[in-house]
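Residue 419 in the working numbering sits at position 397 of the sequence shown; the count goes up by one each step and never skips.
We put the CB at the ideal spot given by N, CA and C, even for glycine.
The structure presented is a predicted model; accordingly, all values stated were derived computationally and were not measured.
Here is the structure we will look at.
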Amino acid sequence: MQTSSIICCSSNSFTPSLNYLNSHPFTLIPKNQTNSSPKFSFSSKLPISLHIRPLSHVISHSTAAIDLVKTTPSASAFVETGYIYGVHGFRGEVRVKPSTDFPDLRFSKPGTRWLKQQVSGSETIREIELVDGRGNPGLSWIVKFENIDSMEEAQKLVGSVILVRDDDRPPLEEGEFYTHDLIGMRVILKESGEPVGTVVNVFNSGASDLLHVKLNSSRKIPDQIGNSKTGEGDSGPLAWVPFVEAIVPTVDMGKREMLITPPKGLLELNVRSDTRSKKERREIEWKERKKFQRRLIAAKKKLSEMEQQHVFHGFRDGEKDQRSLLANQIVNVNSKLLHQALQNIEILSTRPDLLQILSAVPRSNRVKVSDKPSSSGTGLLSDPYCKLQRSGYVLTSNGKVAIVLVLEEIEAIDKTSYTSLVNSEGNESANLLIKALVDDHSGFVKIEDRSTVPLLLVASTGSINPLQEGFSDHDYFGFDPEKVWFLEEEKLPLVSSSIEEGRKHKILMKSPWEFLQRPIGSGGVISLLSSQESLLDELGELGVEYIQVCKINPEHKNDHALVGLVNSCKSNVGLRLFKGITTEESFDVIFSTSFLRKLVKQINKLQFEAVHGCSSYVEKVEKDWVDAIPTAPNSYEFRSSIYCCLVATPPNKICVLSPTDLIHG
């Protein structure tokens with residue numbers, strides 16, 4: 023049985039770093055993955071307790087049991103377990119970065135090991151006795167070998183690889199496989215018996231393992247314009263196949279073959295069909311790298327001005343992939359918004375009192391929602407609410423209303439039942455989930471009108487790809503693909519609540535290469551639209567007059583009356599109130615496009631609430647990365663409400679649809 027994982031049908035989802043692949047050619051795929059990284063603790067008299075984080079735990083994200091197998095003829099009988107990268111102290115001890123998930127067995131148990139070294143340009147393997155080993159917080163493992171008693175002798179071992187014999191690998195349980203045994207296996211379509219290719223490598227992506235399959239050269243692959251082309255000779259393309267039971271149900275070690283049931287299009291995923299020359303592609307890549315470097319330099323300068331230089335420490339540690347992750351985090355952080363939020367800490371801003379603001383709205387701009395809109399019995403809608411509903415429907419069906427749908431719930435679903443979405447039907451469950459989210463939004467948009475309605479979906483980072491795939495696989499549920507946009511929710515880093523030695527509130531780090539970030543709430547939609555001015559221009563060209571921002575809530579019926587009310591009152595903003603409403607539980611707000619254009623140019627007036635809380639994080643203390651575990655509130659999380667925009671317009675330009683008489687005055 024293999025580990026399960028959701029399938030991400032994205033060309034980037036299955037593209038690992040080549041450096042990581044080269045350094046980790048083989049992994050073990052267990053039935054139940056466990057994290058066997060060593061754990062150490064360090065007590066301190068500081069206000070918060072610090073627990074040293076071993077560098078191996080920080081750097082390695084693999085949860086599979088890993089022993090790297092060297093395939094050269096001279097070392098085929100050995101397994102790589104670690105790399106000696108430095109000297110520790112003056113007594114001959116060395117620092118080792120593990121390449122195994124059995125570090126206790128490999129580095130603390132005395133016994134015979136072998137060292138692979140490069141001597142005069144040739145590879146040598148020699149026997150050596152391991153005397154002792156211990157986990158070193160932040161610096162992987164400290165190992166002592168027999169007859170290595172000085173710093174000079176230990177320095178000669180730096181760059182060596184520690185080996186054990188291949189037959190010393192721990193025995194596996196039923197259903198578990200060493201990836202070395204999977205290399206070279208034939209891959210066959212279970213349904214038709216058609217040969218697909220051969221497994222040439224296995225990569226652990228964190229969530230699951232991926233088989234790197236060299237497709238048969240005779241297999242036809244569609245090119246960019248949809249035509250099929252056939253590989254020549256033995257130079258078949260490579261494809262990624264998730265090693266999960268839903269896709270690889272059968273592994274026959276005796277026959278050296280595995281049967282697969284891939285979703286449609288999976289084998290064509292990541293197969294390069296770019297017809298541009300290698301030189302052209304390199305020039306484009308070079309320009310993109312230069313462009314990114316300029317953005318990185320600018321972003322680092324802004325963070326330095328905010329006295330946040332500590333976030334750059336991760337560039338000195340870790341692998342290339344992790345340093346790239348840090349660079350992306352720095353480039354993508356909204357430094358202008360962060361600076362604004364930090365200023366709000368000093369002025370102690372709070373959430374706006376919604377009902378107090380709305381109490382100043384003229385009574386003529388307030389409409390009570392009828393639970394059961396009435397009819398005169400003649401077929402004519404006599405109830406004013408029903409007339410507003412009719413007016414709003416006409417505007418929506420004519421493409422005058424764009425809908426911004428905030429899918430906050432999908433992240434929670436991903437965390438709790440993400441693996442259950444992968445079953446024998448592949449991505450079908452994920453697609454049905456997305457369709458259900460739309461269909462459950464009662465009265466959202468009728469199927470026959472969807473082609474005219476622009477739709478913007480705001481979701482968490484991990485939800486964007488499943489959303490795109492689900493819409494693509496189901497013909498966008500009747501929406502026009504040219505009028506659908508997928509936007510990642512606005513996030514800001516958490517910062518420390520204490521100011522040390524006159525310094526600013528510092529950004530907290532989830533790891534040496536990741537900020538500790540949280541979504542800023544419904545107000546983030548305004549920030550997103552402010553950075554998407556070209557999108558607002560596109561909506562204007564489509565004839566959009568109103569933009570509705572709402573959150574999916576199956577308990578609340580949605581219709582078109584609010585649009586009709588905003589149009590009839592000529593308001594800048596219209597909002598629907600719900601029973602038991604709070605400022606963030608549910609929202610349904612409509613802006614006129616003319617007002618929204620003015621609003622996004624005043625993004626510096628967006629208000630933030632600094633929410634005090636407890637947050638664990640990592641920081642660098644001298645040369646070590648340590649875990650900081652607070653015993654009292656230590657951080658600020660920034661939240662912003664979409665209702666902050668109400669202070670930017672006169673009360674007589676606001677209209678309200680309310681189910682009860684919530685507003686007084």
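| query | result |
| --- | --- |
| Euclidean distance between Cα positions of Q490 and W136 | 50 Å |
| For G596, three-class secondary structure by DSSP | strand |
| Nearest to Q330 (by Cα), restricted to the options P285, F537, E195 and G586 | F537 |
| The alpha helix (DSSP H) enclosing A99, as first and last residue numbers | Premise fails: A99 is in no alpha helix (DSSP H) and is neither H nor E. |
| Residues sharing a beta bridge with Q140, DSSP | E145 |
| Integer-rounded CB distance, given that V611 should sit under 8 Å from I676 | 10 Å between Cβ atoms; not a contact. |
| Residue burial classification, T418 (beta-carbon count within 10 angstroms, cutoff 16) | buried |
| Start and end residues, beta strand (DSSP E) containing F314 | Counting along the chain, F314 falls outside any beta strand (DSSP E), though it belongs to the alpha helix (DSSP H) covering K300 to E327. |
| For Q490, the first and last residue of its enclosing alpha helix (DSSP H) | T483 to D495 |
| Of the residues K131, V678 and F630, the one placed nearest Y658, counting alpha carbons only | F630 |
| D231 - containing beta strand (DSSP E), residue span | D231 to L237 |
| Closest Cα partner of W647 within the set K138, D339 and D188 | D339 |
| Cβ pair count under 8 Å reaching 3, the stretch 587–602 against the stretch 477–495 | no |
| Rounded separation between G171 and L359 - CA only | Looking at the sequence shown, residue 171 is not Gly but Asp. In a straight line, the C-alpha of D171 is about 55 Å away from that of L359. |
| Chain-order list of residues whose beta-carbon lies under 7 Å from that of K513 (same chain, five-residue window excluded) | Q539, R540, P541 and I542 |
| Cα-Cα separation, T615 to L347 | 37 Å |
| Check whether V109 and Q177 have beta carbons under 8 Å apart | yes |
| Close-in-space but distant-in-sequence residues of the same chain around R208 (CB under 7 Å, 5 per side omitted) | P217, T220, R278 and E279 |
| Sequence-distant residues of its chain with Cβ nearer than 8 Å to G133 (five each side left out) | E151 and L152 |
| Three CB pairs or more closer than 8 Å across the stretch 178–195 and the stretch 139–147 | yes |
| Selected residue, minimal CA-CA separation from H361, among L325, I651 and N354 | L325 |
| V186 vs F100 beta-carbon contact at 8 Å | yes |
| Beta-carbon spacing of M275, K526 below 8 Å | no |
| Beta strand (DSSP E) segments (min. 3 residues) lying fully within the stretch 621–676 | 631–635, 639–643, 646–651 and 657–661 |
| Span separating the alpha-carbon of R156 from that of V235 | 39 Å |
| N-terminal and C-terminal residue of the beta strand (DSSP E) that M280 is part of | E279 to I282 |
| Of the residues V224, H332, P193 and D231, the one placed nearest E644, counting alpha carbons only | H332 |
| Of the listed residues K166, D203 and I210, nearest to N223 (C-alpha basis) | D203 |
| Pair within 8 Å by beta-carbon distance, V506 and L597 | no |
| Extent of the continuous beta strand (DSSP E) to which R187 belongs | V183 to R187 |
| Helix, strand or coil at V266 according to DSSP, with G and I counted as helix | coil |
| 8 Å CB neighbourhood of S413 in its chain, flanking five on each side removed | H582, V585, G586, N589 and S590 |
| Supposed close pair S544, V428 - CB separation, criterion 8 Å | 7 Å |
| Through-space distance from P673 to R10, alpha-carbon basis | No statement about residue 10 is possible, as the shown extent of the chain runs from 23 to 687 and does not include it. |
| Assigned secondary structure, H202 (DSSP; H/G/I helix, E/B strand, else coil) | helix |
| S144 burial status per 10 Å Cβ neighbour count (16 or more: buried) | exposed |
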